[in-house]
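All the letters of the first sequence, read from the start, carry residue numbers 46 to 727 under this note's numbering.
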Amino acid sequence: CPECATVLANEQVVGGNCWRHEDTPVIQKELEQWFVKTTQYSDELLRDLDNLEGWPEKVRTMQRNWIGRSEGALLDFKIDGPTGRAGDKVTVFTTRIDTIYGATSIQLAPEHPLVADLVGSDPSLLSKIEDLIAEQKKARDQEEVESMEKHGVFTGRYVINPFSQEKMPIWVANYILMGYGTGAIMSVPAHDERDYAFAEKYGIDIKIVVLPRRTSEPPAPGEDEKPMLPYTAEDSMLINSGEFNELSNEDAMKKMTAYAEQHGFGKATTTYRLKDWGISRQRYWGTPIPMLYCEKDGVVPVPESQLPVLLPDNVEVTLQGGSPLGRIPGFVNATCPKCGGAARRETDTMDTFVDSSWYFYRYTSPQANDKPFDTREADYWFPIDQYIGGVEHAILHLIYSRFWTKFMRDISLVHNDEPVTRLFTQGMVIKDGAKMSKNRGNVVSPDDMVARFGADSTRMYALFAAPPDRDLDWQEAGVEGVHRFLGRVYRFVMRNASAALDRSSAQPVTQELSPKVRQVQRKLHQTIKRVTDDFQGRWHFNTCVAAIMEFVNELYAAEDEISAGRFPAPLLADVQRSLVLLLEPFAPYLAAELWETLGEKDTLLRHPWPKYDAALAKEDEIEYAVQVNGKLKARVSVPADSPEDFVREQALADDKVKAALEGKQIAKVIVVAGKLVNIVVR
RNA sequence: GCGGAAGUGGUGGAACUGGCAGACACACCAUCUUGAGGGGGUGGCGCCGAGAGGCGUGGGGGUUCAAAUCCCCCCUUCCGCACCA
46 CPECATVLAN
56 EQVVGGNCWR
66 HEDTPVIQKE
76 LEQWFVKTTQ
86 YSDELLRDLD
96 NLEGWPEKVR
106 TMQRNWIGRS
116 EGALLDFKID
126 GPTGRAGDKV
136 TVFTTRIDTI
146 YGATSIQLAP
156 EHPLVADLVG
166 SDPSLLSKIE
176 DLIAEQKKAR
186 DQEEVESMEK
196 HGVFTGRYVI
206 NPFSQEKMPI
216 WVANYILMGY
226 GTGAIMSVPA
236 HDERDYAFAE
246 KYGIDIKIVV
256 LPRRTSEPPA
266 PGEDEKPMLP
276 YTAEDSMLIN
286 SGEFNELSNE
296 DAMKKMTAYA
306 EQHGFGKATT
316 TYRLKDWGIS
326 RQRYWGTPIP
336 MLYCEKDGVV
346 PVPESQLPVL
356 LPDNVEVTLQ
366 GGSPLGRIPG
376 FVNATCPKCG
386 GAARRETDTM
396 DTFVDSSWYF
406 YRYTSPQAND
416 KPFDTREADY
426 WFPIDQYIGG
436 VEHAILHLIY
446 SRFWTKFMRD
456 ISLVHNDEPV
466 TRLFTQGMVI
476 KDGAKMSKNR
486 GNVVSPDDMV
496 ARFGADSTRM
506 YALFAAPPDR
516 DLDWQEAGVE
526 GVHRFLGRVY
536 RFVMRNASAA
546 LDRSSAQPVT
556 QELSPKVRQV
566 QRKLHQTIKR
576 VTDDFQGRWH
586 FNTCVAAIME
596 FVNELYAAED
606 EISAGRFPAP
616 LLADVQRSLV
626 LLLEPFAPYL
636 AAELWETLGE
646 KDTLLRHPWP
656 KYDAALAKED
666 EIEYAVQVNG
676 KLKARVSVPA
686 DSPEDFVREQ
696 ALADDKVKAA
706 LEGKQIAKVI
716 VVAGKLVNIV
726 VR
């Protein structure tokens, strides 16, 4: 990244740009760098995703795609005619070995090493290939890869198809990537879209070798024998494929791979999109890579007794490229631990993602001075029960830290296979349809809102606006509502706190409650349950807030009971304490203030969460919806726990229901306990 | 192209295992607070319709006594990956 003046890993390039500078295109340079062999764990990283049931499907899928496993075969094609330094054959990777009899050319990436051999003597060809390379680079830089027109150059040379022994022309094409597979493909125009387009353009042979039907099934009468081209489905049968004719394509893949292995020109293989992790960074701030370069002994690791390598102070950061550490002789000059001679210290530092891959393990033993962390402590705490972060780390931090855990397990530092059991990805804050970012200039600081409405209102509004796993389109409208609500709470407590100040209010309520007061009590316990459940289980803080609002509305509706003296002081005190406790996670400042106002002396934070009492939450009467053929006709109230027969009776006795039933015959009556009655009529 | 998520009033969003669609808010309307504005209180507010009633969760089919929710097809939006051979 030119802006960071440092190297980036594959994962840190987002759409051709730097992950930290989203409008700065990365440039490519050849450099010698340190890599961590993440690919060693490709298979395990992929396989274990199936067990991460506490992770969002989206993240698991993104990781699967990123690892990009694909099974296929490597096949050698002998080059016809003189060869050079790159050898006498071309190895291609294919997932469709069954179509090899339909391969009518070989396509090489422009950077393929063989290209130089093949075109060495033809300068006009060479310049055309350089054009292809330049074109690929430009398309990548400008993110126009998909719209780039496919074209290529015939090298004038041929290979021999190891199955059919036919001669196949070798082309160099701009759509072949050196970075995937072997940088060379066998082109099967009849059964691959890109190959088809390419062959059409250059008049390369198109040979159909699979048909869209199964071996056992005869061709349906009137069915077209020839498939629509290109025919890429795999539910098919082989033709024009020598001894493999009439095999289903699964069988053909197995048999042809075995054949290639027996004859020594191919083998089954699995490729991955995941690359090793380049961790060298040309930054001052970073963990030094503890390696030395000795002229005599080569690359020598810094001995454990000399770890950690500490960064020097007073470094000038110039952004000139290369590590700033390289200009500090005191840091660079070292002694070779093997021969005692002069050695040069590695001046690149590690990617920050190295540190973030295991920082949480350090939390388990922050005092450990002679090791990263204590394994026993890590065993006690790990894996992490619940991890929270943005989905933007799905293929960065979250894949690196999984890798790091597996590596540490293999060197016996930890005993867990995965770092995190449950992952929660919170949504992004969107403004005007775009992710908020400094580069876009659409960042809305919460400070203005805090200044106008206070931190409590701002926080609570953010929680109320949407559940936290969803993206939130930030808009100012709405915060007033939350602010008003907190005002309502404040005024209610200010008016009624005196009830709580009388210490005798700790006494249980003995007197008979008026219906309105009983309703408040009931609503209180229903609210405690709703808030507790939504808070613990689903993390739906918006519905928690809504529930508390409903409760406060209920309190306002009962204020006349208070002024009429029909609201027992102990209950009123309990109601207010519970309200403040419920509010505390959402509006901590106001809650603390009200807690004091209620005369409480202990710290609000340490006070136990209010208890839900099922008996007090219970409704005395339940309203049933009465439907006729699924359409709502009436509502009837019955005492809670009424037997089904009674509910049915009451429903059928309702006037509106009777009217709806007139002249109809009742076929069935369904009673859903506590909910509704559905009368099915003919 | 592949994969993921989502589509519910004017708006943000509720409806948790199929059971009263629209909780709670915003906006809007009415009303009270001696006038206006502000603040506060109370009430109204899916659509069509005078009403009875009908319609209604992106569209179309299906399963069911009952569908926002389950199944099939299609459309749209957002996100991720991608000449992946």
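Glycine included, each C-beta is placed from N, C-alpha and C at the ideal position. Owing to the predicted nature of the structure, the values given are computational and were not obtained by experimental measurement.
Asked	Found
Where E238 falls: helix, strand or coil (DSSP)	helix
DSSP beta-bridge partners of N62	V59 and P70
Nearest to P512 (by Cα), restricted to the options G472, F537 and A500	G472
Residue of R467, G499, R407 and I433 minimising C-alpha distance to L458	R407
Integer Cβ distance of F138 from T227, believed to fall under 8 Å	5 Å
Per-residue burial, Q710 [other beta carbons within 10 Å of its own, 16 or more giving buried]	exposed
Assigned secondary structure, T332 (DSSP; H/G/I helix, E/B strand, else coil)	coil
D430 (DSSP reduced to helix, strand or coil)	strand
Contact under 8 Å by Cβ, V725 with R693	no
First through last residue of the alpha helix (DSSP H) which encompasses S446	H442 to D455
Contact belief for Y669 with A500 at Cβ below 8 Å, rounded distance in angstroms	The pair is not a contact, with the Cβ atoms about 45 Å apart (cut-off 8 Å).
Cut-off 7 Å between Cβ atoms - residues of its own chain near A636, not counting five sequence neighbours on either side	V625, L628, E629 and L649
Own chain residues within Cβ distance below 7 Å of K451, not counting five before or after	Y86, E89 and D462
Of the residues L508, R529 and I607, the one placed nearest D519, counting alpha carbons only	A quick correction: the sequence has Trp, not Asp, at residue 519. Selected option, being the one with the closest Cα: L508.
C-alpha gap between G532 and R563, whole angstroms	25 Å
Of the listed residues I324, V164 and G99, nearest to R130 (C-alpha basis)	V164
Beta-carbon contacts of H528 that lie in its chain and below 6 Å, excluding the five residues immediately before and after	F498 and S502
Cβ neighbours of L643 in the same chain (closer than 8 Å, five flanking residues each side left out)	V538, A542, A545, L546, A618, Q621, R622 and V625
In DSSP terms, what K713 is bridged to	V725
Exposure of P688, with buried meaning 16 or more beta-carbon neighbours within 10 Å	exposed
DSSP beta-bridge partners of R390	L337
Every unbroken beta strand (DSSP E) inside the region 162 to 237 [3 residues or more]	197 to 205, 212 to 218 and 229 to 232
DSSP beta-bridge partners of G708	In DSSP, G708 forms no bridge with anything.
Close Cβ partners of L177 (< 6 Å) along its chain, the five nearest in sequence each way excluded	P155 and N219
Meets three-Cβ-pair contact criterion under 8 Å: the region 116 to 124 and the region 132 to 150	yes
Collapsed DSSP secondary structure at W322 in the structure displayed	strand
Which of helix, strand or coil DSSP assigns to L468	strand
Spatial neighbours of L91 in its chain, beta-carbon cut-off 7 Å, leaving aside the 5 residues before and after	R109, I112 and R114
Where the alpha helix (DSSP H) containing N378 begins and where it ends	Careful: N378 lies outside any alpha helix (DSSP H), inside the beta strand (DSSP E) at N378 to T380.
Segment contact flag, the region 223 to 239 with the region 139 to 147, C-beta cutoff 8 Å, min 3 pairs	yes
Those residues which DSSP pairs with E694 across a bridge	Note: E694 sits in no beta bridge, so no partner.
Per DSSP, the bridge partner or partners of A679	V671
Pair within 8 Å by beta-carbon distance, L292 and A235	no
C-beta contact flag for Q566 and L616 at 8 Å	yes
Given 8 Å, three or more beta-carbon pairs between the region 435 to 442 and the region 397 to 405	yes
Sequence-distant residues of its chain with Cβ nearer than 8 Å to G311 (five each side left out)	A118, L119, L120, D121, I142, P207, T302 and A305
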